[in-house]
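A.B. asks: Chains A and B are the protein sequences, given in the same order. Note that the numbering used here has the first sequence beginning at 1, numbered continuously upward. Note that the numbering used here has the second sequence beginning at 338, numbered continuously upward.
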Amino acid sequence: MSPQALQHGAAPVAIRSAAWYMPEHTLPITEVRTLDEIERATRDGLGIDTVRADDRLSSVTLAERAARRALEQAGLDARDLGALVMVESRVQETFLSSEVTRLQHRLGADDATTFSVGGLGCVSITPALLTARGLLAADPALDHVLVVHGSKPAAALRYRHPVTVNGDGGQALLLSRSGPIRVRDIAQLTNGRYWDLFHVDYRDRPTAQWREQCTEPSTYSFRLAMETRNQLSAMLGGLLRRNGIGQGDVAGFVSQNLSAGSFAFLEDSLDIELLPACRENLRQYGHLGPNDVFLNLRTALDREELAPGDLAVLINVSPVAAWSLLLVETGPQEDTA
Amino acid sequence: MNDVTSQITGFLSAALRRRVEPDDDYFAQGFADSLFALELVTFVESRFALTVEVEDLDLDSFRTANRITEFVRRKTGAPESGEAHAEGS
């Protein structure tokens, strides 16, 4: 296990602008393919009505469209970027090529220090923020880091038994030293004993036969679930303590969007209530991997579930296994959309 | 059935909405999901005044009512009482 935390008082990092791109085509949950009756029944109980899906759009294209919007909102040109960090795609379209330099080329971000981060599933947004924070702290001449991700399913099926349904969507966060959403603290923990609990075998079969498998369903539903309860409880206590605040000072909790059951699990485990935006986005978009938590935060702000000056905690969990908490402070939202 | 086991089977039968015997493996039977696991562990902690730590998270300690009874005894140091059960320790 490798606990990491950047305490309040370390180098500042904030979201100056944020944007998403969702494909227009809406796929009803009833049209998401499953393999048998058990999977169909689980799928229908996830709390997802629709996902956005467009097989013509790659991860890079989804990320690019979100990136252009985020840059436009901030009034910046891609040439102004000091760094371009991509949260890696779950599956690259070709091996040995570079999706992130493809995006750099498409955007014209020629002067940006460009690379990918990942390895932690939907928690991978956290190492992207840690990276951005480090770059901004290390180089006074670097002012803007663009963090992007295009969410697409890894396997041939969008349904991931018994967890969730993946939708398509792109996200771009323009990070700077100041902005309307301040990331006040970051906590991350991993436990490698679960590194391949879920995996997709691919070397010996055609793409249409790629299937995500859970090697030990009972480990997922018992040991990892209960470890998640214990780890997140300890992490939340530590996060609040080192920032000198109590749970009552947090105006809202946000998590990633897996299922109605996963929301109930987190709420019961941590004795919290998630903001309604989470259930709304789950219903509309399904699971968008590393993009979920900031999309939910944006929706919560739009719906005035949070007010300027509020503190919120963003919760991400991945079965690899990784856990992360982000403490953010919201400000006036004129620059984000 | 001893008192600890009977409290546990009572909880399990209510939570799973079916009669659960002391040696029924509800995980192998496919009745358990993460919400049930949370409910079960929370019940054991509160009813028997103990804390389930990460190092205690061995599914074999929780897969039947009799296994949970053994776990509770180990954690609390309570002496064995009541009827013996089928599984070894």
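Don't be surprised by glycine CBs; every beta carbon is placed ideally from N, CA and C. Values in this document were obtained by computation on a predicted structure and should not be read as measured data.
For Asp143(A), which residues of its own chain have a beta-carbon under 7 angstroms away from its beta-carbon, when the five flanking residues on both sides are left out?
C.D. replies: Closer than 7 angstroms at Cβ, skipping near neighbours: Gly82 and Ser176.
A.B. asks: Suppose contacts are defined by Cβ-Cβ distances below 9 angstroms. Is Ala172(A) in contact with Ala19(A) by that definition?
C.D. replies: Contact: yes.
A.B. asks: On the DSSP bridge list, what partners appear for Arg160(A)?
C.D. replies: According to DSSP, which records beta bridges pairwise, Arg160(A) is partnered with Thr164(A).
A.B. asks: If you follow the beta strand (DSSP E) that Thr101(A) is part of, which residue opens it and which one closes it?
C.D. replies: No beta strand (DSSP E) holds Thr101(A); the alpha helix (DSSP H) holding it covers Glu99 to Leu107.
A.B. asks: Run down chain B in chain order and give the residues with a C-beta less than 8 angstroms from the C-beta of Gly261(A).
C.D. replies: Near Gly261(A) (Cβ distances below 8 angstroms), the residues of chain B are Asp370, Ser371 and Leu372.
A.B. asks: DSSP state of Thr413(B), grouped into three classes?
C.D. replies: DSSP places Thr413(B) in helix when its eight states are reduced to three.
A.B. asks: Can you find a C-beta in chain A that's less than 9 angstroms from the C-beta of Thr406(B)?
C.D. replies: Taking Cβ atoms only, chain A never reaches closer than 9 angstroms to Thr406(B), which makes this a no.
A.B. asks: Say whether chain B places a C-beta atom closer than 9 angstroms to the C-beta of Arg177(A).
C.D. replies: It does not; no Cβ of chain B falls within 9 angstroms.
A.B. asks: According to DSSP, simplified to helix, strand and coil, what is Val250(A)?
C.D. replies: Val250(A): coil per DSSP, three-state reduction.
A.B. asks: Exposed or buried, Arg203(A), counting other C-beta atoms within 10 Å across all chains shown (16 or more means buried)?
C.D. replies: Result: exposed.
A.B. asks: Around the Cβ of Pro3(A), are there at least 16 other Cβ atoms within 10 angstroms (buried) or fewer (exposed)?
C.D. replies: Because Pro3(A) sits at a pLDDT of 42, beneath the cut-off of 50, its placement in the model cannot be relied upon, and the point is left open.
A.B. asks: On a Cα-Cα basis, can you pick out the residue from Gly261(A), Ala322(A), Ala70(A) and Val13(A) that is closest to Tyr194(A)?
C.D. replies: The shortest C-alpha separation from Tyr194(A) is found at Ala322(A).
A.B. asks: Does any residue of chain B bring its CB to less than 9 angstroms from the CB of Met338(A)?
C.D. replies: Because chain A is modelled from 1 through 337, residue 338(A) falls outside the range shown and cannot be assessed.
A.B. asks: Check the Cβ-Cβ distances between Gly414(B) and every residue of chain A, and say whether any is below 9 angstroms.
C.D. replies: Cβ-Cβ to chain A under 9 angstroms: no for Gly414(B).
A.B. asks: So with CB distances below 7 angstroms, who are the chain A contacts of Phe429(B)?
C.D. replies: No information on residue 429(B) is available, as it lies outside the stretch 338 to 426 that chain B covers here.
A.B. asks: Which value, in whole angstroms, describes the spacing of the CA atoms of Thr101(A) and Val13(A)?
C.D. replies: Roughly 24 angstroms between the two C-alpha positions.
A.B. asks: State the DSSP-derived secondary structure class of Ser318(A), mapped to helix, strand or coil.
C.D. replies: Here Ser318(A) sits in strand by DSSP.
A.B. asks: Which residues of chain B have a Cβ atom closer than 9 angstroms to the Cβ of Asp268(A), listed in chain order?
C.D. replies: Those are Leu372, Leu375, Glu376 and Thr379, listed as they occur along chain B.
A.B. asks: Between the C-alpha atoms of Ala277(A) and Gly121(A), what's the straight-line distance to the nearest angstrom?
C.D. replies: So the two alpha carbons sit approximately 22 angstroms from each other.
A.B. asks: Under 8 angstroms by Cβ, that's how I've got Thr164(A) and Leu258(A) pegged, so tell me the actual separation to the nearest angstrom.
C.D. replies: 4 angstroms between Cβ atoms; contact.
A.B. asks: Between which two residues does the alpha helix (DSSP H) containing Ser116(A) stretch?
C.D. replies: Element bounds for Ser116(A): not the alpha helix (DSSP H) but the beta strand (DSSP E), Thr113 to Val117.
A.B. asks: Less than 8 angstroms between C-beta atoms, sequence neighbours within five positions excluded: which residues of the same chain meet that for Arg79(A)?
C.D. replies: Hits under 8 angstroms: Gly108, Ala109, Asp110 and Asp111.
A.B. asks: Measuring straight from C-alpha to C-alpha, what distance separates Val293(A) and Thr113(A)?
C.D. replies: So the two alpha carbons sit approximately 25 angstroms from each other.
A.B. asks: Going by other Cβ atoms of all chains shown within 10 Å of its Cβ, with 16 needed for buried, is Ser178(A) buried or exposed?
C.D. replies: With fewer than 16 other Cβ atoms within 10 Å, it is exposed.
A.B. asks: Please confirm if Asp395(B) has its CB atom under 9 angstroms from at least one CB of chain A.
C.D. replies: Cβ-Cβ to chain A under 9 angstroms: yes for Asp395(B).
A.B. asks: Could you give the first and the last residue of the continuous alpha helix (DSSP H) run that contains Ala19(A)?
C.D. replies: Here Ala19(A) belongs to no alpha helix (DSSP H); instead the beta strand (DSSP E) covers Ala14 to Tyr21.
A.B. asks: Are any of the Cβ atoms in chain E nearer than 9 angstroms to that of Val357(B)?
C.D. replies: No chain E is part of this structure, whose protein chains are labelled A and B.
A.B. asks: Which residue marks the beginning of the beta strand (DSSP E) containing Cys214(A), and which one marks its end?
C.D. replies: Looking at the DSSP string, the run of the beta strand (DSSP E) that includes Cys214(A) is Glu212 to Cys214.
A.B. asks: Going by C-alpha to C-alpha distance, which of Val389(B), Ser371(B) and Glu382(B) sits closest to Phe222(A)?
C.D. replies: Comparing Cα positions, the closest option is Ser371(B).
A.B. asks: Looking only at its chain, what residues have a beta carbon closer than 8 angstroms to the beta carbon of Thr388(B), apart from the 5 residues adjacent to it on each side?
C.D. replies: These residues qualify, in order along the chain: Glu382.
A.B. asks: First and last residue of the beta strand (DSSP E) that includes Val341(B)?
C.D. replies: Element bounds for Val341(B): not the beta strand (DSSP E) but the alpha helix (DSSP H), Asp340 to Leu353.
A.B. asks: Which partner residues does Phe198(A) have in the DSSP bridge list?
C.D. replies: Answer is Cys214(A), bridged to Phe198(A).
A.B. asks: Which term fits Pro140(A), buried or exposed, when burial requires 16 or more other beta carbons within 10 angstroms of its beta carbon?
C.D. replies: Answer is exposed; the Cβ neighbour count stays below 16.
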